[in-house]
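> Quick note: the sequence shown uses my numbering, first residue 4, plus one each step.
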Amino acid sequence: MAQAGTRSGNTPVRQASLREHNLGLVLRHIATGPPTAGGTDAAGGTAAAGGRVPSRADIAAATGLTRATVSALVDDLIGGRLVTEVAPTPRAGAGRPALGLVLAGNGPAGLGLEINVDYLAACVVDLTGRVRHRVVHRADQRPAGPRDVLARVADLAAAVRGEAERQGLAHAGTALAVPGLVTADGVVRLAPNLGWRDVDVPALVHGHPALAGGAPLTVDNEANLAALGELHTAGPASFLYVSGEIGIGAGIVLDGALLRGARGWSGELGHVAVRPDGPPCGCGARGCLERYAGQDAILAAAGLADRGHTADQAVARLTSLAEAADPAALRALADAGSALGVTVAGVINVLDVDTVVLGGVYAPLTPWLAPAVEDEVNHRVLTAGWSPVTVRASRLGGDAAVVGAAGSVVRAVLDRPARWLAGGRP
């Protein structure tokens, strides 16, 4: 057995590494306290309702750290605006009640951005997971080139950051969601529905004040970030997240971790062939799923294409028609759900997930898509007879990608608080 203060293999643990580990340990205990009800204390923290938030003594007992060590670490976390104290927690027996500890709502916050075919979005999420500000600009991004689209999203980021600063929040970093194949260094290799190829996003936004200044910028696939947002909103440990927009992406979560694939490009569900001899797709292949179940395909089948509606207006109109049992709308949704179910069933047979989460424009359409998806899954998944698959709407709805992007920045702070406290940012 390795001695305290050493790693296995007789490699000494640096004091700084030990402190970093213990800071993360203490913060995780505070972050996973009882559920909150949105109430905010005077210091900007969110106090638990109906549950006992942990005190210093509770954390010492749970972690095995000494009370003096926990107290010093908590003081550091409070000084860094990561944690705040709340009213004494109820306790049994005699003695002075201890102050509770909760995540601070007035500290670091993540900026999430999303570029999609027909809109740009931005939001700010604080350390407690609360969305503090959100903006969506509806416009077709396809006529503009990458440089112009990125300039627009940078301007949107500047406006949202300004609002966050007015609320007293510190900028911890930015994550940008893009519907395409994204490399680890932020290059969009291909976003077929935007018409982008080999776009170096960090280089194009370099120097913009909203996306510079030392805070990190990460670029990722929108379905991946949406899946992470769903995971951190009390989602199951394993699920398939399907993002329905003009294109169709998927985020795959297995045992609490995002499955990225060998090159980080997993989840291109929209380009799985439903019918190999089907209509041509923008990716160059034929019969891809998005030709049958993408947003434009569904609207066209329902007779709602080219009517002068914005995309959100058209989806709202489709929802109204479905609620009114319009035959064309119901048929379009059933056909899309069937094509989606065929594809999803293949994924389930390979990966053995038991939950399918429908996001993007699929979220409000779930009542009509899910029955057809479930029917195909029940017929095609070998284990469906004794291990049912749940198909449900995303809890974050159409905001999953942008909220998941901002949330990924917050998670980095929670995972590595020492770096935030040192001014290095996550």
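In this text, a Cβ means the ideal position worked out from N, Cα and C, and glycines have one as well.
Could you give the DSSP three-state label for residue 382: helix, strand or coil?
helix
> May I have the straight-line CA-CA distance separating residue 302 from residue 331, to the nearest angstrom?
Linking residue 302 to residue 331 through their CA atoms gives a straight-line distance of about 10 angstroms.
> What number of angstroms, rounded off, separates the C-alpha of residue 109 from the C-alpha of residue 129?
7 angstroms
> What whole-angstrom Cβ distance do residue 399 and residue 232 have, given they're in contact under 8 angstroms?
5 angstroms
> Since residue 176 and residue 412 should fall inside the 8 angstroms C-beta cutoff, what is the C-beta to C-beta distance between them, to a whole number of angstroms?
Rounded, the Cβ-Cβ distance is 4 angstroms, consistent with contact.
> With a threshold of 8 angstroms on Cβ separation, who are the neighbours of residue 214 within its own chain once the five nearest residues in sequence on each side are excluded?
Correct list, in chain order: 157, 160, 177, 208, 220.
> Out of 73, 104, 75, which one is the CA nearest neighbour of residue 88?
104
> Would you call the CB atoms of residue 372 and residue 333 closer than 7 angstroms?
no
> Are there three or more Cβ pairs, one per stretch, closer than 8 angstroms when the segment 181 to 192 is compared with the segment 130 to 146?
no
> Where does residue 304 land, buried or exposed, given buried means 16+ other C-beta within 10 angstroms?
Around the C-beta of residue 304, 16 or more other C-beta atoms lie within 10 Å, and the residue is accordingly described as buried.
> What runs of the beta strand (DSSP E), each 3 residues or longer, lie entirely inside the segment 82 to 142?
86 to 91, 102 to 106, 111 to 119, 122 to 129, 134 to 141
> DSSP three-state label for residue 3, please.
It is not possible to answer for residue 3, since the shown part of the chain is limited to 4 through 429.
> Relative to the C-alpha of residue 314, which residue among 384, 125, 248 is closest?
For the residues 384, 125, 248, the minimum Cα distance to residue 314 belongs to 248.
> With three or more beta-carbon pairs closer than 8 angstroms as the criterion, would you say the segment 233 to 241 touches the segment 272 to 286?
no
> Between the alpha carbons of residue 360 and residue 376, how many angstroms are there, rounded?
Going by C-alpha positions, residue 360 is about 11 angstroms away from residue 376.
> Apply the 10 Å Cβ neighbour rule to residue 382 and answer buried if 16 or more other Cβ atoms are within range, or exposed otherwise.
exposed
> Checking the sheet assignment: what are the DSSP bridge partners for residue 255?
243
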